[in-house]
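A quick write-up on the structure given underneath.
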Amino acid sequence: MTPGRDLAAALLAAGPLLRVLPPPVRVRCADPATAAALARLCDRLDVPAPAPVTDAADLGPFERVVSGLLDLDANPAPPPADEPRVVAEAREQDFTCRFRRTDVRTGDGVVLPTYAAGDPDRPPVLMVSACGMPARLAEGWAGRLSRDFHVLVPETRGLFADVDGFSADTGVVAQADDLLAVLDRFGLRRAHLIGLCGGAVLAVVAAARAPERVSSLSLWHGDFDLGDESPKTDHQQNLQALMAMAARSPQQAAAVHAVLTNTMLGVAPPRLAHLVTYPYATPELLRRYCRLNGAIMGTDLRPYLAGLTTRTLVVTSEDDHTAHPAGSRAVAARIAGSVLHVAEHGDHLSLFHAEESLVDLAARFVAGDDALGTRSPAEAGRRVPPVPTRGGEEVFP
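Structural data, given as structure tokens:
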């Protein structure tokens, strides 16, 4: 390993967060030589340079996230003579080099940064990640799937390319239509949709609106609203309430900002914190995120599930305390012939560690394997019968 390449890679990974945080972003750094080298390295990488400080006692929450990621005390910057080589090696391995960026413009003028990898002649897979998260959060999934498929990963409208003056539609239909706009831009008639967390909701809505464009649905730990048919976890209820407040106005967003920021930082794994906290970076980003994700969390999905016949895999776990597993079971029950996979353990954040067994499960389903095994044999891997009816009305479990 070239000395300093870990630091260069960490700076590239922190780039999305550093570009939206108000400067200066202070980071813990006790060595003056490392501090000077850090500035040069950031300039070469075209990443906003953090401000090194020796006293880290009063760092803010996002400054602590960046400090922890860079870990300058244990990961010093390279000597000047090595900097060009370090930068070249880090760029070559970085997500933004391995995944080609295309800016997709939607019908209402919104720009969607979309990252693509894999052979364009292979079956297309559209990764619909959690709302508001940088595309590189799905890097583990997309990297593995790109060996066998042409993988596209779009980012959420209004939170990445259009960070200034965004006033476009934030509803679920507009967000789902963004997925179809991505397919159009890449000249794709159909694609397999893999939805993670809130992205599972958008995948269902897109399939309902244009079933002929969706080859299959894979819905992972979906943040589903099915009215009184399915309960919600305490996390879902509390987050919805805070998002509703923050979405009302810039003033309300500013008031809620500190609460949600501290909540997210308290549960975010250190290796993912710089990504999962991105939409909480500023009150304005938070306001937009709450409008977008609030629409996802608050949309009753049952009308979109009615009559849906797309080949579908639904995945949850027995102990997901973030999105209630009963929601996934209810969604599977409404899609005739769907495959339900219930693991013993797992939740939203562990999902993004992209464990090999999980991504292989997704790849097998996309490739056509419906006989999917599980550690929970009573439910997972079974085909789900249609929801029974009585006099034309559905009978809820």
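In our numbering, the protein residues as written are -15 to 381.
Glycine included, each C-beta is placed from N, C-alpha and C at the ideal position.
The three-state reading of DSSP puts HIS205 in coil, since its state is none of H, G, I, E or B. Between the stretch 109 to 127 and the stretch 244 to 254, the count of C-beta pairs closer than 8 Å stays below three; the two stretches do not touch. Excluding the 5 residues flanking it on each side, ASP331 has same chain C-beta neighbours closer than 6 Å at ASP304 and THR306, in chain order.
Beta-bridge pairing by DSSP links GLY179 to VAL112 and LEU203. As a beta-bridge residue in DSSP terms, TYR99 pairs with ARG85 and VAL137. When DSSP states are grouped into helix, strand and coil, THR245 belongs to the helix group. Taking C-beta atoms as the reference points, ARG12 and VAL71 fail to come closer than 7 Å. Across the structure, LEU5 and MET281 are spaced so that their CA atoms are roughly 26 Å apart. C-alpha of LEU(-9) to C-alpha of VAL49: approximately 14 Å in a straight line.
Note on the stretch 28 to 54: whole alpha helix (DSSP H) runs with a minimum of 4 residues are 45 to 54, in chain order.
Taken through DSSP and simplified to helix, strand or coil, ASP168 comes out as helix.
Per DSSP, reduced to three states, the secondary structure at ARG12 is strand.
Under the three-state reduction of DSSP, VAL71 is assigned to helix. Counting only residues of its own chain and dropping the five nearest sequence neighbours on each side, ARG120 has a CB closer than 6 Å to the CB of PHE79. Taking each of PRO107, ALA265 and ALA(-6) in turn and checking the Cα distance to SER130, the smallest one comes out for PRO107. The alpha-carbon of ALA320 is positioned some 26 Å away from that of ALA279. Closest option to LEU345, judged by alpha-carbon separation, among SER214, VAL299 and GLY44: VAL299. Ranked by Cα distance from ARG82, the first of ALA14, GLU67, PRO68 and ALA101 is ALA101. Between the alpha carbons of VAL37 and SER334 lies a distance of about 33 Å.
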